[in-house]
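In this note's numbering, the protein residues as written are 22 to 397. Where a beta carbon is used, it is the ideal one built from N, C-alpha and C, also for glycine. Below is one structure, written out as structure tokens; the observations come after it.
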């Protein structure tokens with residue numbers, strides 16, 4: 022198994038690269054230790070580095086956590102692996118298990134390979150690419166002693182995956198059991214709900230909390246502790262939690278899956294408890310994409326460039342759609358079944374309003390300060 026992580030000078034990488042042990046330390050004092058698979062560091066700026074570390078004996082499983090912006094290089098590496106070791110993967114298809122904040126990373130890997138003029142059936146027979154959703158909060162506080170990395174983490178873990186191409190799933194079932202992954206495999210309808218639970222109940226509530234803070238005039242440096250001192254925001258978040266559970270209920274019902282509403286309400290409430298447990302989390306951390314967008318647009322308006330970060334606009338719009346706009350639209354589709362006035366769509370509108378105001382102000386700046394030569 023090959024596990025690929027972003028390059029880093031953090032002290033725990035040598036331990037992991039040497040096949041050390043990871044010990045998870047939970048808030049209740051319990052610990053859980055397990056052998057670390059060989060970690061390979063990936064230099065973001067050189068895809069050749071990724072190809073090099075995957076050379077040699079073909080791995081049966083490739084996992085990665087390199088960041089969504091670097092997945093294209095991983096897909097290129099998969100293509101080289103599959104074509105270079107085609108005979109091996111004919112009998113032992115490669116399992117690709119991306120652990121990224123992108124629930125369709127496996128589907129995108131298949132699409133990438135098929136777009137490279139590789140026969141569709143050949144790709145499906147050689148690569149079992151999983152779509153995954155992972156929901157576990159680990160801190161950056163990692164203590165290294167001897168060959169063990171001690172990682173502070175929460176007890177909650179939600180890890181689910183499914184295979185978009187299911188034709189040969191039976192042939193790798195034993196391998197999934199050997200990897201102790203079989204309890205986390207689910208069918209496509211169940212996986213779709215797990216994805217929405219992550220995006221709506223965790224990330225969506227974080228976005229809503231940050232939006233309410235900004236609307237009340239709090240700075241990006243404000244913490245969750247600061248925000249929750251405002252009674253009005255506490256009340257609105259209670260409403261938004263109930264609406265999030267409703268959105269999940271309608272989503273499941275629309276797809277023919279029966280889930281008790283109270284189960285979804287309990288899930289949202291427990292997720293909210295996890296969100297607010299990190300009192301020092303800042304508005305910037307929760308919604309840095311919006312801050313980056315406004316900063317980048319202002320920089321562009323002044324004729325500058327923002328090369329220090331990947332383009333923020335597309336990333337923000339996609340996250341807004343997944344985390345806030347999608348459940349808001351679903352609630353509006355079922356508004357006749359809801360007695361109380363909805364607040365979730367207002368949160369969605371807030372982000373549109375923020376982007377519109379920023380762009381309008383920038384257009385005004387460009388009109389008032391045209392470039393030399395008369396072009397505007």
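Within 10 angstroms of its Cβ, does residue i collect 16 or more other Cβ (buried), or is it exposed?
{"i": "residue 341", "result": "buried"}
{"i": "residue 181", "result": "buried"}
{"i": "residue 358", "result": "exposed"}
{"i": "residue 258", "result": "buried"}
{"i": "residue 339", "result": "exposed"}
{"i": "residue 356", "result": "exposed"}
{"i": "residue 256", "result": "exposed"}
{"i": "residue 373", "result": "exposed"}
{"i": "residue 265", "result": "buried"}
{"i": "residue 361", "result": "exposed"}
{"i": "residue 298", "result": "exposed"}
{"i": "residue 273", "result": "buried"}
{"i": "residue 268", "result": "buried"}
Do residue i and residue j have their C-beta atoms within less than 9 Å of each other?
{"i": "residue 221", "j": "residue 56", "result": "no"}
{"i": "residue 186", "j": "residue 249", "result": "no"}
{"i": "residue 242", "j": "residue 114", "result": "no"}
{"i": "residue 364", "j": "residue 260", "result": "yes"}
{"i": "residue 169", "j": "residue 278", "result": "no"}
{"i": "residue 284", "j": "residue 223", "result": "no"}
{"i": "residue 25", "j": "residue 71", "result": "yes"}
{"i": "residue 382", "j": "residue 346", "result": "no"}
{"i": "residue 228", "j": "residue 280", "result": "no"}
{"i": "residue 92", "j": "residue 126", "result": "yes"}
{"i": "residue 354", "j": "residue 337", "result": "no"}
{"i": "residue 213", "j": "residue 253", "result": "no"}
{"i": "residue 314", "j": "residue 215", "result": "no"}
{"i": "residue 98", "j": "residue 75", "result": "yes"}
{"i": "residue 200", "j": "residue 149", "result": "no"}
{"i": "residue 58", "j": "residue 40", "result": "yes"}
{"i": "residue 376", "j": "residue 366", "result": "no"}
{"i": "residue 151", "j": "residue 184", "result": "yes"}
{"i": "residue 139", "j": "residue 102", "result": "no"}
{"i": "residue 4", "j": "residue 172", "result": "The requested residue 4 is not part of the displayed model; the chain covers only 22 to 397."}
{"i": "residue 62", "j": "residue 34", "result": "yes"}
Which first and last residues belong to the alpha helix (DSSP H) in which residue i is found?
{"i": "residue 292", "result": "282-298"}
{"i": "residue 53", "result": "Residue 53 -> not in any alpha helix (DSSP H); beta strand (DSSP E) instead, spanning 52-56."}
{"i": "residue 267", "result": "252-275"}
{"i": "residue 108", "result": "107-112"}
{"i": "residue 217", "result": "209-217"}
{"i": "residue 135", "result": "126-136"}
{"i": "residue 196", "result": "194-199"}
{"i": "residue 234", "result": "226-236"}
{"i": "residue 144", "result": "141-147"}
{"i": "residue 353", "result": "347-354"}
{"i": "residue 358", "result": "Residue 358 -> no alpha helix (DSSP H), and no H or E assigned at all."}
{"i": "residue 35", "result": "33-38"}
Might you give, ordered along the chain, the residues of its own chain that have their beta carbon closer than 6 Å to the beta carbon of residue i, omitting 5 neighbours on each side?
{"i": "residue 262", "result": "289, 293"}
{"i": "residue 52", "result": "44, 46"}
{"i": "residue 60", "result": "24, 26, 37, 38"}
{"i": "residue 175", "result": "158"}
{"i": "residue 179", "result": "156"}
{"i": "residue 116", "result": "82, 149"}
{"i": "residue 48", "result": "none"}
Using a Cβ-Cβ cutoff of less than 7 Å, which residues in the same chain neighbour residue i once the five nearest sequence positions on both sides are dropped?
{"i": "residue 244", "result": "300, 301, 302, 303"}
{"i": "residue 197", "result": "203, 206"}
{"i": "residue 344", "result": "220, 221, 224, 225, 228"}
{"i": "residue 312", "result": "241, 305"}
{"i": "residue 329", "result": "For residue 329, the pLDDT reaches just 46, beneath the cut-off of 50, and the residue's location in the model is therefore unreliable, leaving the point undetermined."}
{"i": "residue 100", "result": "134, 137"}
Just curious, the beta strand (DSSP E) that residue i is in, first and last residue?
{"i": "residue 173", "result": "169-174"}
{"i": "residue 303", "result": "First-last for residue 303: undefined, no H or E at that position."}
{"i": "residue 42", "result": "42-46"}
{"i": "residue 247", "result": "Careful: residue 247 lies outside any beta strand (DSSP E), inside the alpha helix (DSSP H) at 245-248."}
{"i": "residue 25", "result": "23-27"}
{"i": "residue 202", "result": "Where residue 202 is concerned, there is no enclosing beta strand (DSSP E), given that its DSSP letter is neither H nor E."}
{"i": "residue 117", "result": "115-119"}
Within 8 Å: the Cβ of residue i and any heavy atom of the ligand FAD?
{"i": "residue 209", "result": "Within the structure as shown, the ligand FAD is missing, as the structure has no ligands at all."}
Beta-carbon within less than 8 Å of residue i's beta-carbon, same chain only, minus the 5 sequence neighbours each way: which residues are those?
{"i": "residue 291", "result": "177"}
{"i": "residue 129", "result": "92, 96, 123"}
{"i": "residue 106", "result": "79"}
Quiz item: Do the segment 156-169 and the segment 107-127 meet, that is, are 3 or more Cβ pairs less than 8 Å apart?
Solution: Short answer: they don't touch.
Quiz item: Taking contact to mean at least 3 C-beta pairs separated by less than 8 Å, is the segment 204-218 in contact with the segment 233-253?
Solution: Counting C-beta pairs closer than 8 Å gives fewer than three between the segment 204-218 and the segment 233-253, which falls short of the contact rule.
Quiz prompt | Cβ contact (3+ pairs, closer than 8 Å) linking the segment 97-112 and the segment 78-86 | solution = Contact holds: three or more Cβ-Cβ distances are below 8 Å.
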